[in-house]
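Peer 1: Residue numbers (my numbering): 1 to 344. From the three backbone atoms N, C-alpha and C, an ideal C-beta is built for every residue, glycine too. Please read all numbers here as calculations on a predicted model, not as lab measurements. The following block contains the structure, expressed as structure tokens.
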């Protein structure tokens, strides 16, 4: 495996990612001489451990653990494709599922054709709503000197919700709405590592029931151009240090905000339970929830600004967590807010 691209397919649930991914998987080898495999996270993460496609419950680490496990499997696949072992090595059950999906698409070493003669595209289909999730894939591309690109499928929230209702197994609407609020679209003008990115309208892909019609020619041309550019410009392990530091700072900031968001949500959940146990009226519960969510938004902005200021100062302290101090304040302020309702 000498010429390969990791293509991250991202967007809201029901935006049309899987339809787009299948269309690329079908048409890229037939018309453009690439090998192509589609790795769908929904197929690879067991539904009983997945928590509704993309958002973990409060305090649940299984979701993150499964995502990290998939990244390890992907790296293991890349090593296998590079060294070409006779057969996949044994591994955990999730590795067996991963290998099975790869084998179905002729992706294992020993696939037809001369190794390295045809470019290979690995399309990763997931929501990837946080930039830090996508950056983890970029780091893999950098480690193995592969091409990297992003396909972001832009779709109005209401249309995603409508399509989702038509699914056999719909995602909870609240999950989609929260994901829409947190979605971090590619910003190549700000983040050099995202320079190979393409934002497509959901109109570029037909509804799922018309996936055989699929991708318009103009969109396919754009995608081919993106993949070709990424292929000819693989990520270098020794890329400009300033660029890498900038990307690392952005990822660190996103991670801090994500951790703070999870902690705030847990505090809010505990606070609301306490208020309910103290027989706060339903109408007041709604007001309490509004106050707490407004407070959370302010806290997350403080965390975001704290991370940004640390990055701009150039004084990076690995032990510094911009979320820690503001979360302490959030706990105190949340207690003060709920006391207004409990101590009436």
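Go ahead and pull the three-state DSSP assignment for residue 145.
Peer 2: Correct three-state label for residue 145: coil.
Peer 1: Please check the pair residue 330 and residue 281, which I expect to be a contact at CB under 8 angstroms, by giving their CB distance rounded to whole angstroms.
Peer 2: The pair is not a contact, with the Cβ atoms about 24 angstroms apart (cut-off 8 angstroms).
Peer 1: Under 8 angstroms by Cβ, that's how I've got residue 37 and residue 122 pegged, so tell me the actual separation to the nearest angstrom.
Peer 2: That belief holds up - the Cβ atoms of residue 37 and residue 122 are roughly 6 angstroms apart, short of 8 angstroms.
Peer 1: Taking Cβ positions only, does residue 187 come closer than 8 angstroms to chain D?
Peer 2: Reference to chain D is not applicable here, since this structure consists of a single protein chain.
Peer 1: Can you tell me the Cα-Cα spacing of residue 229 and residue 99, whole angstroms?
Peer 2: Each residue's Cα considered, the two are about 29 angstroms apart.
Peer 1: When you compare only the Cα positions, how much space is there between residue 12 and residue 127?
Peer 2: Computed Cα separation, rounded: 6 angstroms.
Peer 1: Using CA coordinates, which residue listed in 254, 184, 27 and 151 is at the minimum distance from residue 201?
Peer 2: Cα-wise, what sits closest to residue 201 is 151.
Peer 1: Taking Cβ to Cβ, would you say residue 227 is nearer than 8 angstroms to residue 7?
Peer 2: For residue 227 and residue 7, yes; Cβs fall inside 8 angstroms.
Peer 1: Please report the Cβ distance between residue 147 and residue 198, rounded to the nearest whole angstrom; I am assuming they are in contact, meaning their Cβ atoms lie under 8 angstroms.
Peer 2: Residue 147 to residue 198, Cβ: 13 angstroms. No contact.
Peer 1: Give me the residue from 167, 76, 195 and 220 with the minimum Cα distance to residue 20.
Peer 2: Here the closest residue by C-alpha is 220.
Peer 1: Relative to the alpha-carbon of residue 107, which residue among 92, 93 and 82 has its alpha-carbon at the smallest distance?
Peer 2: The candidate whose alpha carbon is nearest that of residue 107 is 82.
Peer 1: Three-state secondary structure (DSSP) at residue 199?
Peer 2: Reduced to three states, the DSSP call for residue 199 is strand.
Peer 1: For a quick check, are the C-beta atoms of residue 298 and residue 341 less than 8 angstroms apart?
Peer 2: In this structure, residue 341 does not lie closer than 8 angstroms to residue 298 by Cβ.
Peer 1: Given this structure, state the Cα-to-Cα distance separating residue 327 from residue 3, to the nearest angstrom.
Peer 2: Rounded to the nearest angstrom, the two C-alpha atoms are 46 angstroms apart.
Peer 1: So what's residue 52 in DSSP terms, helix, strand or just coil?
Peer 2: Only weak support is given to the placement of residue 52: the predicted model assigns it a pLDDT of 45, under 50, and the question is left unresolved by the model.
Peer 1: Restricting to runs no shorter than 3 residues, where is the beta strand (DSSP E) found entirely within the region 121 to 167?
Peer 2: DSSP runs (the beta strand (DSSP E)) wholly in the region 121 to 167: 147 to 154.
Peer 1: Taking its Cβ as the centre, do 16 or more other Cβ atoms sit within 10 Å of residue 177, making it buried, or is it exposed?
Peer 2: So residue 177 counts as exposed.
Peer 1: How should residue 18 be labelled, buried or exposed, when 16 other C-beta atoms within 10 angstroms of its C-beta is the threshold for buried?
Peer 2: Residue 18 comes out buried.
Peer 1: Use the C-beta contact count for residue 73: other C-beta atoms within 10 angstroms, 16 or more gives buried, fewer gives exposed.
Peer 2: So residue 73 counts as buried.
Peer 1: Can you grab the Cα-Cα spacing for the pair residue 225 / residue 124, in whole Å?
Peer 2: C-alpha separation (whole angstroms): 18 angstroms.
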